[in-house]
Structure formats: structure tokens, C-alpha cells
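Novice: Residue numbering for the first sequence follows this note's numbering, starting at 1 and increasing by one per position.
Don't be surprised by glycine CBs; every beta carbon is placed ideally from N, CA and C.
The structure displayed is predicted, hence computed values, not measured ones.
Structure in C-alpha cells, see below.
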Amino acid sequence: MVATPSKEALKLFQDGCLALAVLESNGICMDVERINRTIDEVGVQIEDLTGELKTDEVWKTWKRRWGDKSNLSSRSQLASILFKEMGYESKHATKTGRDKVDVDALEGIDLPFVQKWIRVEKHKKLRSTYLVGIRREVCDGLLHPSFNLHLTRTYRGSCDSPNFQNIPIRDPEIGGMIRRCFIPRPGRVLVEVDYSALEFRIASCFWSDPAMIRYASDSTLDIHRDMAAECYKMPVEQVTKKPRFYAKNGFVFPELYGSYYCNVARELWNAIESAELTTADGVDLFKHLRRAGISELGACDSHDKPVKGTFEHHICQVEKRFNEKFPTWSRKKDEWLKLYQKRGWFRTMTGFVCAGVFSRNELYNYPVQGPAFHCLLWSLIQLVKQIKKRKMQTLVVGQIHDSILADVPEEELDDYLQMVKQIMTVDVRDHWAWIVAPLGVEAEVTRTNWFEKKAVEIK
DNA sequence: CACTGGAGCCAC
DNA sequence: AAACGTGGCTCCAGTG
């Protein structure tokens with residue numbers, strides 16, 4: 001017997017298609033003048049930096065080696081110059097055995113040429129993928145990305161032409177240049193409402209681990225903060241934003257999705273240097289760890305047992321405690337795997353069937369990632385429906401996995417915020433009994449452009 | 001010239 | 001034994 005998706009699952013995607021079609025048709029208002037201006041400005045920056053690179057000694061070596069075929073954008077050529085001609089040591093290989101030439105590999109090379117090369121490449125990416133790529137899709141000042149529901153293995157959504165779901169934000173210089181081009185329509189504001197910690201909360205529901213649910217429910221508890229404290233051996237009060245960020249993305253999520261101490265330890269260790277992590281009192285975390293008796297990373301090789309006194313050994317212990325902290329999760333991981341191995345398929349809490357060959361890690365990720373998005377999609381459907389019913393002028397214009405972007409008339413702002421919060425945190429829980437953890441949202445508003453959005457309270 | 005896969009980088 | 005997931009876009013390098 002072939003398992004089939006539930007009626008509810010099918011309906012969610014049917015209604016979802018219609019709601020997303022409304023978003024696509026509405027479109028996002030763009031500052032085309034600014035896009036054009038920025039394309040020129042970044043173009044000049046790229047030319048200037050390229051000119052500087054071409055006066056560098058390294059470029060002479062490059063020309064000697066590659067002659068007329070010399071191409072500053074070629075990573076394989078750069079690799080040949082650095083690792084063959086200049087004798088730098090290549091520490092990482094790609095899966096096809098070539099020398100890695102990514103930011104991670106290049107950051108260790110202390111050459112002005114290389115650091116400038118990284119900067120040029122970042123700007124080229126910004127210009128071609130985002131500025132030029134987005135301008136190509138703008139029609140009468142509006143951008144109409146395609147929001148898909150038929151392409152992912154997890155029953156998440158995706159987006160293309162352009163992909164509105166990966167606009168830079170982490171690097172403020174790059175993010176600012178592109179996000180300032182997204183603007184509200186005249187007399188309106190852009191409103192972005194996103195779920196707080198949605199994936200962790202949905203994970204707690206899926207595994208029904210009481211301790212995990214407690215973390216997801218009590219706003220005074222913070223798993224990322226607590227794990228930062230453990231990983232970097234500091235008191236909770238000494239954990240600031242940055243170490244918390246790296247604990248979240250370098251420990252908690254990787255561990256939840258099947259990574260382990262070898263990789264995790266390396267990641268957390270490297271973050272100390274690259275992000276210049278400190279305690280709240282400003283003590284460098286290497287120094288801090290040394291005081292606590294840890295002065296080296298360790299081999300981080302799966303064949304060797306971690307050596308006592310190393311960071312790797314410490315993280316191995318933290319991992320053990322993490323598993324003990326969430327005993328139900330630890331137990332159910334195995335049961336979930338066994339069930340799949342027996343049947344060859346599984347069903348998400350939202351009624352979708354995942355059938356096929358899955359790795360262990362995919363098995364941990366899919367049942368969380370899909371349903372988390374389905375909370376957003378269900379909310380989006382209700383939102384679009386209610387806006388129409390109430391004859392509001394608000395236009396929902398975008399969706400980014402756990403957030404909704406809308407173009408709202410100033411006079412509808414308060415109503416809109418109330419409505420969206422009610423749907424996303426209350427109504428969705430009435431609809432799905434499996435959501436046993438509370439949900440929360442955060443809202444940001446801007447009257448100028450998407451980069452300038454500021455947090456607002458929802459009363 | 002069209003097409004493909006790899007590598008890399010952007011987001012959640 | 002093995003080792004975090006999902007996407008889209010661009011460029012290069014190689015193929016026919």
C-alpha cells in the first residue's frame with residue numbers, strides 16, 4: 001500500500017497556491033532609480049578594486065602563469081597561483097579533490113591581494129545576482145517573484161525569478177545596498193512579521209520532549225544562551241549576542257539535525273577568532289578558555305578519541321549533557337529512525353508523506369522543517385482571506401519561510417499587526433492540536449526602505 | 001553554440 | 001558507520 005497525503009495536506013497546498021498567487025500578483029515596490037544608481041556605483045568600486053589588484057605583484061605571477069587566459073574571476077587559477085606558484089599550503093580539498101578556494105580557505109592567507117580579491121568577489125556577487133538580477137525582473141516598478149510549493153523534498157516552499165528569500169542581510173554593507181531598493185508604496189509602510197524561534201518550537205512539538213517544550217514555552221529560558229555558556233565555559237550572565245549566535249548556529253541546530261562534536265567543536269573554535277568572541281567583560285574567549293584549562297582544539301578526527309583537556313573533548317562532554325538534557329528526544333531519535341527503516345516512509349504532522357531513500361540526518365530535519373513552514377503558510381492563507389473579507393487595502397507581498405512581508409496603508413497598520421499576530425500565534429494553534437508549544441512573533445516596520453526596518457511592539 | 005556539473009555564496 | 005538540513009543564482013570549466 002502506498003501512503004498518500006491527507007486531505008488536509010492537499011487542501012493546505014491548494015489554498016496555499018491561491019494565496020501565494022495573490023502575493024505574486026501584488027508585487028513588491030522597488031526604487032528603480034536607486035537600483036540603477038547602485039549598479040553604477042558598485043560597478044565603479046569593482047573597477048577600482050580590480051585596477052588595484054592588477055598592480056599587485058601577485059597579478060604579475062598570475063599573468064606569467066596564465067598569459068592571455070588570465071581571468072581574475074577564476075578560482076581555479078587563483079588556487080594555482082597561491083598553492084602551486086607561491087607555495088601556500090592548501091588545507092582543504094573539494095569533494096572532487098581540488099584545492100578549496102572559498103572565504104574560509106582564503107581568510108588564513110595573510111596577503112593584501114587575497115583579502116582584496118575576496119572583497120571584489122563579494123561586490124560582484126551583489127551586483128550580478130542581486131542588483132542586476134533583480135532589476136531584470138522588475139516590471140513597472142514592481143517585483144513579482146514566483147513563490148513555489150512544488151519543488152522541495154521537505155514540503156517547504158521555495159522562490160525564484162528572482163529568489164526573494166535570500167536577499168543579503170548579515171553583512172550590513174552589502175545588505176544595505178540592496179535592501180534600500182525595496183520600498184513601501186506611497187503613503188504606506190512595509191511590515192515584516194516573523195515567528196520567533198519557530199524551528200526550535202516545532203522541533204519540541206515533533207519530538208514531544210518535555211524539557212524541550214519547557215525551553216520553547218518559558219520566555220525566561222534560552223537554549224542558545226545556555227549552550228553558549230556551556231560550550232565556552234562561562235557563566236550565563238557573561239553570554240552576549242555573538243557567542244549566543246554561534247552556539248545557536250554552531251551547536252544547537254547542528255546537534256538537533258545530526259551533526260556531532262568533531263565538526264561542532266571545530267566550528268565553535270574557529271568562531272572565536274573569526275568573530276572575535278569575548279565574554280561580556282571583554283575577555284577574549286581563547287584567553288578565557290585557557291584560564292579554564294583548555295588551550296587547544298584537538299585533532300577533531302573521527303578515528304581518534306578526543307584527548308582530555310582539549311576543546312574537542314570538552315564539546316564531546318557538552319554534547320552528552322545536551323542529550324541528557326532532552327532525554328525524550330534522545331530516545332525518540334532512534335525510534336524514529338527504526339520506524340522509517342522498517343516502512344521506508346514517514347508522515348509529517350501536517351499530513352504530508354515523505355517516501356524514498358533518506359539519510360539519518362534528513363530524517364531528523366524534514367519532519368521539522370516542513371511543518372514549521374506550514375504554520376507560516378496556513379497563517380498566510382488566513383491573512384489573505386481576512387484582508388479581502390474586511391476590504392482592507394493592505395497588500396501581502398512576500399514570504400520568507402517563517403516571515404511575512406506586507407505593504408500596509410499607514411491607517412491600517414495597527415489593525416494589521418493585531419490581525420497577523422492573532423492568526424500566527426493563536427488561530428494556528430486552534431487549527432493544529434499538535435502545536436503544543438506557544439508561538440510568538442516579532443514585527444518590524446519601515447516607512448523608508450527594507451534596510452531601515454525597526455522593531456515595533458504589538459499591543 | 002548549448003548544455004552540464006562543480007564550486008561557491010546568499011537566505012532561512 | 002557516519003557525521004546539520006532546505007533552497008536559487010552565477011560563474012567557470014569541460015563536453016559534444
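Classify R170 as helix, strand or coil using the three-state DSSP reduction.
Specialist: Note: R170 maps to coil in three-state DSSP.
Novice: Run through the region 105–153 for me and flag every whole beta strand (DSSP E) of 3 or more residues, listed as ranges in chain order.
Specialist: Whole beta strand (DSSP E) segments, 3+ residues: 146–148.
Novice: What does G175 pair with, by DSSP beta-bridge criteria?
Specialist: G175 pairs with nothing; no bridge assigned.
Novice: Taking C-beta to C-beta, are V441 and V193 nearer than 8 Å?
Specialist: The answer is yes: Cβ separation under 8 Å.
Novice: From this set, F346, K459, F451, A3, which residue's C-alpha is nearest M30's C-alpha?
Specialist: Comparing Cα positions, the closest option is F451.
Novice: Quickly, what does DSSP pair F182 with across the bridge? List them, please.
Specialist: DSSP output for F182 lists M30 as bridge partner(s).
Novice: Do F13 and L149 have their C-beta atoms within less than 8 Å of each other?
Specialist: A contact, by the Cβ cut-off of 8 Å.
Novice: Please identify the residue among A443, H401, N449 whose C-alpha is closest to the C-alpha of A455.
Specialist: Checked all of A443, H401, N449; the closest Cα to A455 is A443.
Novice: If I measure Cβ to Cβ from E457 and keep anything under 6 Å in the same chain, skipping five residues before and after, which residues do I get?
Specialist: Excluding positions up to five away in sequence, the list is empty.
Novice: As a quick exercise: from L198, E24, D68, M349, pick the residue whose alpha carbon is nearest that of F253.
Specialist: The shortest Cα separation from F253 among L198, E24, D68, M349 belongs to L198.
Novice: What is the DSSP secondary structure of T446, counted as helix, strand or coil?
Specialist: Here T446 sits in strand by DSSP.
Novice: Taking contact to mean 3 or more Cβ pairs, one atom from each stretch, closer than 8 Å, check whether the region 429–436 and the region 205–220 are in contact.
Specialist: With the cut-off at 8 Å, the region 429–436 and the region 205–220 touch.
Novice: Sort out for me which residues DSSP pairs W345 with in a bridge.
Specialist: Its beta-bridge partners are A355.
Novice: Over the uninterrupted beta strand (DSSP E) stretch that includes D160, give me the two end residues.
Specialist: Start and end: 158–160.
Novice: Quick one: what does DSSP say E192 is sitting in, helix, strand or coil?
Specialist: E192 falls in the strand class under three-state DSSP.
Novice: Mind checking who I404 pairs with in its DSSP beta bridge?
Specialist: Answer is V193, Q399.
Novice: How would you call H303, buried or exposed, if buried means at least 16 neighbouring beta carbons within 10 angstroms?
Specialist: Exposed.
Novice: Measuring only the C-alpha atoms, how far is E312 from T96?
Specialist: So the alpha carbons of these two residues sit roughly 28 Å apart.
Novice: Quick one: what's got a C-beta closer than 6 Å to V58's C-beta in the same chain, skipping five residues either side?
Specialist: Cβ neighbours of V58 beyond the five flanking positions: F113.
Novice: Apply the 10 Å Cβ neighbour rule to Y260 and answer buried if 16 or more other Cβ atoms are within range, or exposed otherwise.
Specialist: Flag for Y260 reads exposed.
Novice: Are the beta-carbon atoms belonging to Y257 and Y364 less than 8 Å from one another?
Specialist: Going by C-beta atoms, Y257 is nearer than 8 Å to Y364.
Novice: Where M83 and E89 are concerned, what is the direct C-alpha to C-alpha distance, given to the nearest angstrom?
Specialist: Strictly speaking, residue 83 in this sequence is Phe, with Met absent from that position. When rounded, the distance between both Cα atoms is 6 Å.
Novice: Are the CB atoms of F352 and Y155 within a distance shorter than 8 Å?
Specialist: Their beta carbons are under 8 Å apart, which means Y155 touches F352 by this criterion.
Novice: What separation, rounded to the nearest whole angstrom, lies between the Cα atoms of E276 and T220?
Specialist: Between E276 and T220, the C-alpha separation is close to 27 Å.
Novice: Apply the 10 Å Cβ neighbour rule to P243 and answer buried if 16 or more other Cβ atoms are within range, or exposed otherwise.
Specialist: When all chains shown are included, P243 counts as buried.
Novice: Do you know whose CA, among M349, I109, W62, lies nearest K7's CA?
Specialist: Closest by alpha carbon: M349.
Novice: According to DSSP, is P464 part of a helix, a strand, or is it coil?
Specialist: Lying before the first or after the last residue shown, residue 464 is absent from the chain, which here runs from 1 to 459.
Novice: Write down the C-beta distance between C231 and R266 rounded to the nearest angstrom, noting that I regard them as a contact closer than 8 Å.
Specialist: Going by Cβ atoms, the distance from C231 to R266 rounds to 12 Å, so no, they are not a contact pair.
Novice: With DSSP as the reference, please indicate the residues paired to T278 in a beta bridge.
Specialist: Answer is D284, bridged to T278.
Novice: In angstroms, rounded to a whole number, what distance separates the CA positions of S204 and F326?
Specialist: Roughly 10 Å separates the two Cα atoms.
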